[in-house]
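Undergrad:
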Amino acid sequence: MLVTELEVSYKVPHAWQAITSMGHVNVAPRTGHIIQGTLLFDVHSYNEVIEQATDEKLGRTVTRMALQRLFRHSRHYYGTYSQDFTHTELEDGGDRRTSDNEYLTTLPAATYNDKPIHPVIFTSPYLKTEEFKVTPIEEIYKRLTNGVDVGTKFIVYGMIGLDKRTAENTIANNKVTTNLLAVINEAGVTDGCDRSTGNLLYTVATKFPANALVHRPKFLEYIVSSKIKTPAQLEAAFAFVTVTGSENLDINKFEEACGVGIEVSLEDIERTVDGIFEEKKSAIIEQRYRTNVGDLFAHVRKKQPWADPKIVKQLIDSKLYALLGEKTAADNEKPVKKKKEKPAKVEDKGTTKEDPEAVPSEEELNPYSIFPAPEENYKVHTEVFFSDRPVLRACNSKPILEKHLKATGGKVLTRFPPEPNGYLHIGHAKAMFVDFGLAKDRGGGCYLRFDDTNPEAEKKEYIDHIEEIVGWMGWKPYKITYTSDYFQELYDLAVELIRRGFAYVDHQTGDEIKEYREKKMNSRWRERPIPESLKLFNDMKEGRIDEGKATLRMKQDMQSDNALTDAPFCMDPQFTPHPHAGDKWCIYPSYDYAHCIVDSLENITHSLCTLEFETRRASYYWLLDALSLYQPYVWEYSRLNITNTVMSKRKLNRLVTENYVDGWDDPRLMTLAGLRRRGVTSTAINTFVRGIGITRSDGSMIRLERLEYHVREELNKTTSRTMVVLHPLKVVITNLESSSVIDLDAKKWPDAPNNDASSYYKVPFSNVVYIEQTDFRLKDSKDYYGLAPGKTVLLRYAFPIKCTEVVLSEDKTTVSEIRAEYDPDKKTKPKASRKPSPGVDPLKVEVRLFDKLFKSENPGELDNWLDDLNPESKVVIPCAYGVPSLKFAEVEDKFQFERLGYFVADKDSTPEKLIFNRIVTLRDTYKPESK
Numbered sequence: 001m002l003v004t005e006l007e008v009s010y011k012v013p014h015a016w017q018a019i020t021s022m023g024h025v026n027v028a029p030r031t032g033h034i035i036q037g038t039l040l041f042d043v044h045s046y047n048e049v050i051e052q053a054t055d056e057k058l059g060r061t062v063t064r065m066a067l068q069r070l071f072r073h074s075r076h077y078y079g080t081y082s083q084d085f086t087h088t089e090l091e092d093g094g095d096r097r098t099s100d101n102e103y104l105t106t107l108p109a110a111t112y113n114d115k116p117i118h119p120v121i122f123t124s125p126y127l128k129t130e131e132f133k134v135t136p137i138e139e140i141y142k143r144l145t146n147g148v149d150v151g152t153k154f155i156v157y158g159m160i161g162l163d164k165r166t167a168e169n170t171i172a173n174n175k176v177t178t179n180l181l182a183v184i185n186e187a188g189v190t191d192g193c194d195r196s197t198g199n200l201l202y203t204v205a206t207k208f209p210a211n212a213l214v215h216r217p218k219f220l221e222y223i224v225s226s227k228i229k230t231p232a233q234l235e236a237a238f239a240f241v242t243v244t245g246s247e248n249l250d251i252n253k254f255e256e257a258c259g260v261g262i263e264v265s266l267e268d269i270e271r272t273v274d275g276i277f278e279e280k281k282s283a284i285i286e287q288r289y290r291t292n293v294g295d296l297f298a299h300v301r302k303k304q305p306w307a308d309p310k311i312v313k314q315l316i317d318s319k320l321y322a323l324l325g326e327k328t329a330a331d332n333e334k335p336v337k338k339k340k341e342k343p344a345k346v347e348d349k350g351t352t353k354e355d356p357e358a359v360p361s362e363e364e365l366n367p368y369s370i371f372p373a374p375e376e377n378y379k380v381h382t383e384v385f386f387s388d389r390p391v392l393r394a395c396n397s398k399p400i401l402e403k404h405l406k407a408t409g410g411k412v413l414t415r416f417p418p419e420p421n422g423y424l425h426i427g428h429a430k431a432m433f434v435d436f437g438l439a440k441d442r443g444g445g446c447y448l449r450f451d452d453t454n455p456e457a458e459k460k461e462y463i464d465h466i467e468e469i470v471g472w473m474g475w476k477p478y479k480i481t482y483t484s485d486y487f488q489e490l491y492d493l494a495v496e497l498i499r500r501g502f503a504y505v506d507h508q509t510g511d512e513i514k515e516y517r518e519k520k521m522n523s524r525w526r527e528r529p530i531p532e533s534l535k536l537f538n539d540m541k542e543g544r545i546d547e548g549k550a551t552l553r554m555k556q557d558m559q560s561d562n563a564l565t566d567a568p569f570c571m572d573p574q575f576t577p578h579p580h581a582g583d584k585w586c587i588y589p590s591y592d593y594a595h596c597i598v599d600s601l602e603n604i605t606h607s608l609c610t611l612e613f614e615t616r617r618a619s620y621y622w623l624l625d626a627l628s629l630y631q632p633y634v635w636e637y638s639r640l641n642i643t644n645t646v647m648s649k650r651k652l653n654r655l656v657t658e659n660y661v662d663g664w665d666d667p668r669l670m671t672l673a674g675l676r677r678r679g680v681t682s683t684a685i686n687t688f689v690r691g692i693g694i695t696r697s698d699g700s701m702i703r704l705e706r707l708e709y710h711v712r713e714e715l716n717k718t719t720s721r722t723m724v725v726l727h728p729l730k731v732v733i734t735n736l737e738s739s740s741v742i743d744l745d746a747k748k749w750p751d752a753p754n755n756d757a758s759s760y761y762k763v764p765f766s767n768v769v770y771i772e773q774t775d776f777r778l779k780d781s782k783d784y785y786g787l788a789p790g791k792t793v794l795l796r797y798a799f800p801i802k803c804t805e806v807v808l809s810e811d812k813t814t815v816s817e818i819r820a821e822y823d824p825d826k827k828t829k830p831k832a833s834r835k836p837s838p839g840v841d842p843l844k845v846e847v848r849l850f851d852k853l854f855k856s857e858n859p860g861e862l863d864n865w866l867d868d869l870n871p872e873s874k875v876v877i878p879c880a881y882g883v884p885s886l887k888f889a890e891v892e893d894k895f896q897f898e899r900l901g902y903f904v905a906d907k908d909s910t911p912e913k914l915i916f917n918r919i920v921t922l923r924d925t926y927k928p929e930s931k
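Numbered per the UniProt record's numbering, the sequence shown spans residues 1 to 931.
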């Protein structure tokens, strides 16, 4: 059936009733005229419909009926009939013929697109017939209503007098429609109301505070009885009940807050308007009819908040006319918009062009501005729907919130809760930025809480690493805690949950649990007696029940489509010693049970997590509500996904354990340990995360180049330059004595001051220097700027040299040595400057060039994701040459190797051989304006 059945029961004396149903329509006796069934559709213009019907070759199958007495605000209705009721026996025994405009119109059945049209019966309380079998005309409904619920169309257009645009927007939004229908029923205006009241009811349906829904019926009484009759009163009433929440409503304070019973006289309104016009007179005369009437209205409302807005508007319009007279031609002209003067263009090749008009948003200036204050945590967090009980609207009661605020002093408390079952990756950097950053921004604290509920996967190594890396990222925990610190409280609350009838001990196997979830069936142990579950749960605690033989489950709703809110696990037996708690416990809590409770016990104000946990929100609040515990504010944000890598702990663990990479801190991994070893700084990571923002837009991939951009930006400002040749080619300077060494000054930074000796490093120039193999060719060309036979180039920081001879190896093709002459007076004008040379006695170092670990942007989506590993992700150059001053480098010291990129000294370095990892190349492909 296309039309959604909207069950109604109306008492409408002397009125037509239009009813459609797949079954039977019952027509009550004339006395009382109570009609039950479903409402038919409403169409605004019957002429338009008749034209459409003619276009569809329906002939007279569709016609109008005058049912204007159906309700006070009814419209025209249409239908077809299969029986020819030319005469109708009335209840008073008379015999009367019906007419088009009065009681009943009769037409034969017809066809539409070669399909039979089933009749719709319009019935009247005047008919003695007690039963008709009726079926809707689905094809015609589609044509006339475009598939919209026709009962809803009738209500939003006709019953409460909404304007067309508002009604159409309502129909397009299922949630608003549902709320509006509920409000109409609660208000008792199913027979219609005036438009002003209807608009107030619509506002209630769309804006009423969810945490105060218990007060909505009383609220509606005030509207229907016209005690609350203006938008200003409504706003004040909303503000009052928002703070009150579900607590008892103080009627006297409520009425005082929203101006109930206050009548503002016409004289008072006139005096207020006159005063404001006198105050604004000069500006009004200057701006004439371009005066912002809304501002004038706001000034009046500030002084007379309960004045009738219609009267205020009339008086303002009247005063404007009296002051300004008729509109002139100039008043009717559209104002000319002044063009903003563009600032003079300034050429700056070193900076990115930015829009001078662009003003950063509040969220860009402070990404934490989106989060509410702790004292605002009285609103409804979420609605949990059940198949067998009322909707749960989870929120803190006033006493619970006051107790929480007293315990915390109103401070923001967050938590960063990693599982100690692996190394942290860059996604955790975003979580730290959100959790620690919010607490720091609001002057609060952030717990570092180890979520150690799975002893089999946890190691002391991971705990130590997490604690160290949090500090390296620049964050200081308020306290370091463990979920296992609360095992006793979690056990006690589980007992309480059983006592309240919200949990039971279950014995289903894994296969049975899966089957019952698919069939949405309750476990046969779900309704076992409470004392029996308490005894079995104690047996679990004492170790008298084997692993896999029992588990404690919550009684949520097995009919839920969310598998996380059917019957989640609380605790189950595990005979595994715990890394932190030892062997005291042999039952351990699940994440879904422990996480929310520990949040509450630690008085966390903001429980922030990634979007994949959004499906757990209902279970989170159900459990806290069931135990009458304080409820933190929960908010989910998008995960950080970066191209050409994987961040699943399972995949990372496989890469490490199966030796595809060299441990958790392999510089190719996006683990924070790997990034740190690669030379990426914590400040660059935090800047990168801040630039992404705290959003809920899920599924987007952030390009690796964006991270590299921020890394490069920082290193360019902080690292000193030095010189290394990766693939050295020997150059012998034939006109320089072998014993001669000239120490040349090279700048560590491009803008280094000339008078600061510490800003320079020494480059030795002797009769043997080394250049990159790629800087020499046997055949020269116009577009080549390197060295070639007979060609002169300038060695940076040194002198021009000219190639005079080439020495080949035994294969007669490979160049083994170049001989050249230098120009000590620098009179020669070389074509280009080449890379500096390490000079005499170069330092031999190992250089590791790292690249993207995977070839594809999103390898995690591939079935054979390991086949996508990039074989060139790590290239080792065992014998590169560097300047002698590099020998003083220590682990994690960073440099820019000129023309090569940014490098860091690796922990594998020894006194005999330094090892450098490439952090990023010099070339930047990321454009910040495209982010």
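All C-beta atoms, glycine included, are put in the ideal place defined by N, C-alpha and C.
Tell me the DSSP secondary structure of residue 432 in three-state form.
TA: Counted from its first residue, the sequence shown places residue 432 at position 432. Residue state, collapsed to three classes: helix.
Undergrad: Would you call the segment 563 to 577 and the segment 586 to 596 in contact, with 3 or more CB pairs under 8 angstroms?
TA: These segments touch.
Undergrad: Are residue 162 and residue 200 closer than 7 angstroms when you measure CB to CB?
TA: Along the sequence shown, one-based indexing puts residue 162 at 162. Along the sequence shown, one-based indexing puts residue 200 at 200. Contact: no.
Undergrad: I'd like to confirm the pairing. Which residues does DSSP put opposite residue 503 in its beta bridges?
TA: Position 503 of the sequence shown, counted from the first residue, corresponds to residue 503. DSSP lists 554 as partners of residue 503.
Undergrad: Cβ-heavy atom distance between residue 731 and the ligand NAP below 6 angstroms?
TA: Because no ligand of any kind appears in the structure shown, any question about the ligand NAP cannot be addressed here.
Undergrad: In the DSSP output, what is residue 607 paired with across the bridge?
TA: Counting from 1 along the sequence shown, the entry for residue 607 is found at position 607. For residue 607, which the question treats as bridged, DSSP gives the partners 634.
Undergrad: What do you reckon, are the CB atoms on residue 493 and residue 470 nearer than 7 angstroms?
TA: On the sequence shown, position 493 is the one that residue 493 refers to. On the sequence shown, position 470 is the one that residue 470 refers to. Going by C-beta atoms, residue 493 is not nearer than 7 angstroms to residue 470.
Undergrad: With H, G and I counted as helix, E and B as strand and the rest as coil, what does DSSP make of residue 282?
TA: The count along the sequence shown starts at 1 and reaches residue 282 at position 282. Looking at residue 282 - three-state DSSP - the assignment turns out to be helix.
Undergrad: Taking only beta-carbon atoms, is residue 867 less than 7 angstroms away from chain C?
TA: In the displayed structure, chain C is absent; only one protein chain is listed.
Undergrad: What three-state label does DSSP hand residue 144 in the structure shown?
TA: In the sequence shown, residue 144 corresponds to position 144, counting from 1. The predicted model places residue 144 with a pLDDT of 36, which falls under 50 and marks its position as unreliable, so this point remains unresolved.
Undergrad: Have a look at residue 72 and residue 219 and give me their C-alpha separation to the nearest angstrom.
TA: Working through the sequence shown from its first residue, we reach residue 72 at position 72. Working through the sequence shown from its first residue, we reach residue 219 at position 219. Because the pLDDT at residue 72 is just 25, under 50, the model does not fix this residue reliably, and the value given afterwards should be weighed accordingly. If I take the Cα positions, the gap works out to 24 angstroms.
Undergrad: What is the DSSP secondary structure of residue 250, reduced to helix, strand or coil?
TA: Translated into positions along the sequence shown, residue 250 becomes position 250. Coil.
Undergrad: In whole angstroms, what separates the C-alpha of residue 786 from that of residue 780?
TA: Sequence index remark: in the sequence shown, residue 786 carries index 786 (1-based). Sequence index remark: in the sequence shown, residue 780 carries index 780 (1-based). Approximately 8 angstroms between the Cα atoms of the pair.
Undergrad: Going by DSSP, which residues form a beta bridge with residue 508?
TA: On the sequence shown, residue 508 is found 508 positions in, with the first residue counted as 1. According to DSSP, residue 508 bridges with nothing at all.
Undergrad: Verify whether the separation of the beta carbon atoms of residue 520 and residue 559 is less than 7 angstroms.
TA: For the purposes of this step, residue 520 is taken as residue 520 along the sequence shown, with counting starting at 1. For the purposes of this step, residue 559 is taken as residue 559 along the sequence shown, with counting starting at 1. Going by C-beta atoms, residue 520 is nearer than 7 angstroms to residue 559.
Undergrad: Could you please give the first and the last residue of the uninterrupted alpha helix (DSSP H) stretch that includes residue 314?
TA: In the sequence shown, counting from the first residue as 1, residue 314 sits at position 314. Start and end: 309 to 324.
Undergrad: For the pair the segment 869 to 888 and the segment 719 to 727, tell me if three or more CB-CB distances fall below 8 angstroms.
TA: As far as the Cβ criterion goes, the segment 869 to 888 touches the segment 719 to 727, which means the pair count is three or higher.
Undergrad: Leaving out the 5 sequence neighbours to the left and right, which residues in its chain are closer than 8 angstroms to residue 735 when beta-carbon positions are compared?
TA: Position 735 of the sequence shown, counting from 1, holds the residue named residue 735. Closer than 8 angstroms at Cβ, skipping near neighbours: 821, 822.
Undergrad: For residue 685 versus residue 439, is the C-beta distance shorter than 7 angstroms?
TA: The residue labelled residue 685 in the question sits at position 685 within the sequence shown. The residue labelled residue 439 in the question sits at position 439 within the sequence shown. No, these two residues do not count as a Cβ contact at 7 angstroms.
Undergrad: Excluding five sequence neighbours on each side, which residues of the same chain lie with their C-beta closer than 6 angstroms to the C-beta of residue 183?
TA: The sequence position of residue 183 within the sequence shown is 183, counting from 1. The residues are 201, 204, 205.
Undergrad: Excluding the 5 residues flanking residue 677 on each side, which residues of the same chain have their C-beta closer than 6 angstroms to its C-beta?
TA: By 1-based counting over the sequence shown, the position of residue 677 is 677. Answer for residue 677: 665, 667, listed in chain order.
Undergrad: At what residues does the alpha helix (DSSP H) containing residue 797 begin and finish?
TA: For the purposes of this step, residue 797 is identified with residue 797 of the sequence shown, where counting begins at 1. Counting along the chain, residue 797 falls outside any alpha helix (DSSP H), and DSSP gives it neither H nor E.
Undergrad: If the criterion is Cβ atoms closer than 7 angstroms, does the pair residue 294 and residue 649 meet it?
TA: As a position in the sequence shown, residue 294 is number 294, starting the count at 1. As a position in the sequence shown, residue 649 is number 649, starting the count at 1. Not in contact: residue 294 and residue 649 (Cβ atoms no closer than 7 angstroms).
Undergrad: What's the gap between the Cα of residue 602 and the Cα of residue 759?
TA: Here the question's residue 602 lines up with position 602 in the sequence shown. Here the question's residue 759 lines up with position 759 in the sequence shown. Using only the alpha carbons, I get a separation of about 51 angstroms.
Undergrad: Rounded to whole angstroms, what is the Cα-Cα separation between residue 242 and residue 212?
TA: Mapped onto the sequence shown, residue 242 falls at position 242. Mapped onto the sequence shown, residue 212 falls at position 212. Their Cα atoms are separated by approximately 6 angstroms.
Undergrad: Leaving out the 5 sequence neighbours to the left and right, which residues in its chain are closer than 6 angstroms to residue 843 when beta-carbon positions are compared?
TA: Position 843 of the sequence shown holds residue 843. Excluding positions up to five away in sequence, the list reads 882, 884, 886, 887.
Undergrad: For residue 855, which residues in the same chain have their Cβ closer than 7 angstroms to its Cβ, ignoring the five residues on either side in sequence?
TA: Reading the sequence shown from its first residue, position 855 is the one you call residue 855. Counting only Cβ-Cβ distances below 7 angstroms, and skipping sequence neighbours, we find 868, 870.
Undergrad: I believe residue 549 touches residue 504 by the beta-carbon criterion, under 8 angstroms. Please report the beta-carbon distance rounded to the nearest angstrom.
TA: Counting from 1 along the sequence shown, the entry for residue 549 is found at position 549. Counting from 1 along the sequence shown, the entry for residue 504 is found at position 504. In fact, because the Cβ distance is near 15 angstroms, the residues do not count as touching under 8 angstroms.
Undergrad: Pick helix, strand or coil for residue 955, following the three-state DSSP scheme.
TA: In this structure the chain extends from 1 to 931, so residue 955 is not present and cannot be described.
Undergrad: Starting from the Cα of residue 412, find the closest Cα among 397, 380, 375 and give me that residue.
TA: As a working note, residue 412 is residue 412 in the sequence shown. Nearest option by C-alpha distance: 375.
Undergrad: Would you check if there are 3 or more beta carbon pairs closer than 8 angstroms linking the segment 480 to 499 to the segment 609 to 622?
TA: At 8 angstroms Cβ cutoff, the stretches do not touch.
Undergrad: Taking 7 angstroms as the cut-off, decide whether the C-beta atoms of residue 251 and residue 307 are in contact.
TA: Against the sequence shown, residue 251 aligns to sequence position 251. Against the sequence shown, residue 307 aligns to sequence position 307. Not closer than 7 angstroms, so no.
Undergrad: With three or more beta-carbon pairs closer than 8 angstroms as the criterion, would you say the segment 573 to 590 touches the segment 520 to 533?
TA: Output reads no: the segment 520 to 533 does not touch the segment 573 to 590.
Undergrad: Along the beta strand (DSSP E) that carries residue 720, what are the first and last residues, could you check?
TA: Within the sequence shown, numbered from 1, the residue matching residue 720 stands at position 720. Residues 720 to 722.
Undergrad: Out of curiosity, what's the CA-to-CA distance linking residue 209 and residue 459?
TA: Within the sequence shown, residue 209 is the residue found at index 209, counting from 1. Within the sequence shown, residue 459 is the residue found at index 459, counting from 1. Answer to the nearest angstrom: the Cα atoms are 47 angstroms apart.
Undergrad: Which partner residues of residue 571 appear in the DSSP bridge assignment?
TA: The sequence position of residue 571 within the sequence shown is 571, counting from 1. For residue 571, which the question treats as bridged, DSSP gives the partners 552, 589.
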